[in-house]
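Per the numbering used here, residue 31 is the first one in the sequence shown, and the count goes up by one each step.
Have a look at the structure below before the remarks.
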Amino acid sequence: VTFQPPETIPYKRARFKTRLPKGRLYVASHFWMEEQEEAGLWRIGFTKFASRMLGDLVEHDFEIKPGEAIELGQIIGWIEG
């Protein structure tokens with residue numbers, strides 16, 4: 031089995047440069063969402079920059095239950111690094 035790295039797009043803001051994997055929706059707070067094959071299922075994560083700024087993950091919680099519908103702009107959880 032050969033590993034295929036994801037296609038990326040270049041991103042630059044001021045002096046910060048990186049490459050972001052395609053197929054994800056990004057927000058200014060350095061989170062991303064990626065739609066999965068199963069209908070209505072999304073994977074969420076942090077950009078590399080956010081991971082470095084957070085350091086070790088101390089605590090987290092989700093404000094919604096699995097299977098619950100969400101709306102645009104709704105807070106779905108929180109993290110503490």
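Where a beta carbon is used, it is the ideal one built from N, C-alpha and C, also for glycine.
These figures come from a predicted structure and were not determined experimentally.
Nearest to Asp91 by alpha carbon, out of Pro36, Ser59, Trp108?
Trp108
Starting from the C-beta of Val120, find all residues in its chain whose C-beta is less than 7 Å away, skip the five residues before and the five after it, and write them out in chain order.
As shown, the chain starts at 31 and ends at 111. That puts residue 120 outside it, with no answer to give.
Sheet register partners of Ile39 (DSSP bridge):
Leu50
According to DSSP, Gly107 sits in a beta bridge with which residue or residues?
Phe92
Helix, strand or coil for Arg73, going by three-state DSSP, please let me know.
strand
Short of 6 Å in beta carbon distance, which residues of its chain neighbour Pro51, apart from the five on each side in sequence? Order them along the chain.
Pro36, Thr38
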